[in-house]
Amino acid sequence: MELRINFLSGVPIYLQLMEQIKHAVETGAVRAGEQLPAIRKVAEDLAMNPNTVVRAYRELERDGMLDLRHGSGVYVSASRTNAAKTAALERAGGILAEALDEVAALGLTEAETRRVFESELAQERERARPARRRT
Amino acid sequence: MNDLVIRAHGLRKNYDGSPALRGIELAVPRGSICGFLGRNGAGKTTTVKLLLNLLRPDAGEIHLFGDPIQSEAAAVAARRRIGFVSEEKQLYPYMTVRQTIRFVRPLFPGWRWDLETKYLEIFQLPEKKPVPKLSKGMRTQLMLLLAMARGAELLILDEPTDGLDPAVTEEVLQALAGLAAADGVSIFFSSHHLAEVEQIADRVCLIDRGQVVIDGALDDLKMEYRRILLVFSADAPAAVAALSGVDHVRTRGRTASLLAHGDIEATLDRARQLQPESVEIHPVTLKELFLDYVKEA
Numbered sequence: 068m069e070l071r072i073n074f075l076s077g078v079p080i081y082l083q084l085m086e087q088i089k090h091a092v093e094t095g096a097v098r099a100g101e102q103l104p105a106i107r108k109v110a111e112d113l114a115m116n117p118n119t120v121v122r123a124y125r126e127l128e129r130d131g132m133l134d135l136r137h138g139s140g141v142y143v144s145a146s147r148t149n150a151a152k153t154a155a156l157e158r159a160g161g162i163l164a165e166a167l168d169e170v171a172a173l174g175l176t177e178a179e180t181r182r183v184f185e186s187e188l189a190q191e192r193e194r195a196r197p198a199r200r201r202t
Numbered sequence: 060m061n062d063l064v065i066r067a068h069g070l071r072k073n074y075d076g077s078p079a080l081r082g083i084e085l086a087v088p089r090g091s092i093c094g095f096l097g098r099n100g101a102g103k104t105t106t107v108k109l110l111l112n113l114l115r116p117d118a119g120e121i122h123l124f125g126d127p128i129q130s131e132a133a134a135v136a137a138r139r140r141i142g143f144v145s146e147e148k149q150l151y152p153y154m155t156v157r158q159t160i161r162f163v164r165p166l167f168p169g170w171r172w173d174l175e176t177k178y179l180e181i182f183q184l185p186e187k188k189p190v191p192k193l194s195k196g197m198r199t200q201l202m203l204l205l206a207m208a209r210g211a212e213l214l215i216l217d218e219p220t221d222g223l224d225p226a227v228t229e230e231v232l233q234a235l236a237g238l239a240a241a242d243g244v245s246i247f248f249s250s251h252h253l254a255e256v257e258q259i260a261d262r263v264c265l266i267d268r269g270q271v272v273i274d275g276a277l278d279d280l281k282m283e284y285r286r287i288l289l290v291f292s293a294d295a296p297a298a299v300a301a302l303s304g305v306d307h308v309r310t311r312g313r314t315a316s317l318l319a320h321g322d323i324e325a326t327l328d329r330a331r332q333l334q335p336e337s338v339e340i341h342p343v344t345l346k347e348l349f350l351d352y353v354k355e356a
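Here the protein sequences line up with chains A and B, keeping their order. Residue numbering for the first sequence follows this note's numbering, beginning at 68 and increasing consecutively. Residue numbering for the second sequence follows this note's numbering, beginning at 60 and increasing consecutively.
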């Protein structure tokens, strides 16, 4: 697992770290049961703050992706479905945020944006329905 | 909030009647790496000297490791637990690297031989070389080695990477990160290099003209602050300057750049009432915060 942090992006570093670990798990670069590098090693290798590494690991533990075993290290937890779901949701958030930025640049108000979004969602539902009926 | 290695309250200091510090507040939790930022003359070195009791404040109080520093005895006791690297990086000019280490080692009962060996190797310091023949980077690394190996709980570093090349800077930052991770050492360091502060600090304290203007956990600041760019159909209205929730505003023609923090959504709603043609939101880097806070006025 190769971790690359952009310290100057303005994005909180612990979020970048979380994102990269999630990506590594999703893509299979690290698998369930495998051990992740210790906090000290990550901090030293990337010359970054150990508390930030701790924060990222703890948040991922809360998300069910990592298992922090006291004294023995950090492991990718066995339940990957949950983790994949979390990652999917996180990704969806990112995609929507980008879309929202684009929409905002069109000069729409929030109310207008919400109307468009809800109408698109409704249309998507409509599109999905006949497809299911056909099968 | 009991476990603060540094706590300063209302620190004031005048030099010849002109105020250098005008009520500095500091709170550095144990185990954190705190970047201490400010322009030249903002009061960084004065603050560091007050922390080390090299200067006495005109007003205010300092607690180190939870105890007030009121007497010389208390200051000496606290200083035993602190490793310090000054901006001047003074060393004994007639000694070699090895002699310097041998000279300093017995002064500290908690000397960490393991760290001495480790950093001699990492920094590749030439042990037989006289100190005056060392490069600036090596001299800094020797000072850091002495400060780290003495077994200090807190390092106070004044511009530790000033004048170092990027490779040496990275080694120094790695050493500091390793020390904080493995030994829970707290680090308080002043710096002009925002990129390295952004890289290694978990907290920042920005002072300007003798006062603290930003203080907090770096990742929280990054979450809290946003740059909002507004483009209007005509010149940006004067009302943008009065928007609540906005810290700083720069207008140029039809565009307005706002630095906002707190409830960004609410601020955006208010900004939209001015009917801009477009609204963009961006994350904020430490450099932007620094420039916005210290450059204005």
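Positions of the beta carbon are idealized from the N, C-alpha and C atoms, including for glycine. Only a predicted model underlies this, so the values are computations on that prediction, with no experimental measurement involved.
Query	Result
Where does B:N73 fall in DSSP's three states?	strand
Give the single residue among B:Y352, B:T344 and B:I92 whose Cα lies nearest to the Cα of A:V120.	B:I92
Mapping DSSP to helix, strand and coil, what is B:I287?	strand
Would you report the Cα separation of B:R329 and B:L302, rounded to the nearest angstrom?	7 Å
Would B:G269 and B:L109 be called neighbours here (beta carbons separated by less than 8 Å)?	no
Any C-beta of chain B sitting closer than 8 Å to the C-beta of A:R139?	In the sequence as presented, Arg is not what sits at residue 139 of chain A; that position holds Ser. So no, A:S139 is outside the interface.
Could you tell me whether the region 176-188 of chain B touches the region 96-115 of chain B, where touching means 3 or more Cβ pairs closer than 8 Å?	no
Under a three-way DSSP split, which group does B:F182 fall into?	helix
What residue range is occupied by the uninterrupted beta strand (DSSP E) comprising B:L318?	T314 to H320
If we ignore side chains and look at the alpha-carbon of each, how far apart do A:A77 and B:D173 end up?	Inspection of the sequence shows that residue 77 of chain A is occupied by Gly rather than by Ala. In a straight line, the C-alpha of A:G77 is about 37 Å away from that of B:D173.
Taking the alpha-carbon positions, what's the A:A172 to B:E339 distance?	7 Å
Who are the Cβ neighbours of A:R107 in its own chain at under 8 Å, not counting the five residues just before and after it?	P117
Since B:E257 meets chain A, which of its residues come closer than 7 Å, beta carbon to beta carbon?	F74 and L75
In its own chain, which residues sit with a C-beta less than 6 Å from the C-beta of B:R262, not counting the 5 before and 5 after it?	S91, C93 and A276
What does a CB cutoff of less than 6 Å around B:G222 pick up in its chain, not counting 5 residues either side in sequence?	K195
Taking the DSSP output, what are the residues bridged to B:Q270?	B:D267
Could you check whether the Cβ of B:R331 sits closer than 8 Å to any Cβ belonging to chain A?	yes
Below 8 Å CB to CB, which residues in the same chain sit around B:L63 once its five sequence neighbours on both sides are set aside?	A86, V87, P88, R89, H122 and G125
Is there a C-beta anywhere in chain B that falls below 8 Å from the one on A:T176?	yes
Buried or exposed, going by whether 16 or more other CB atoms sit within 10 Å of the CB of B:D75?	exposed
Would A:E128 and A:M85 qualify as a contact pair, given that the criterion is a beta-carbon distance under 8 Å?	no
Distance, Cα to Cα, B:V156 vs B:S145?	18 Å
Who pairs with B:V308 in a beta bridge, going by DSSP?	B:L317
How about B:G237 and B:G210: do their beta carbons lie closer than 8 Å?	no
Just to confirm my understanding: we take B:R164, look at its own chain, exclude 5 residues before and 5 after, and list those with CB closer than 6 Å. What are they?	W170
Can you find a C-beta in chain A that's less than 8 Å from the C-beta of B:G90?	yes
Give the range of the beta strand (DSSP E) segment to which B:V144 is assigned.	I141 to V144
Which first and last residues belong to the alpha helix (DSSP H) in which A:H90 is found?	I80 to E93
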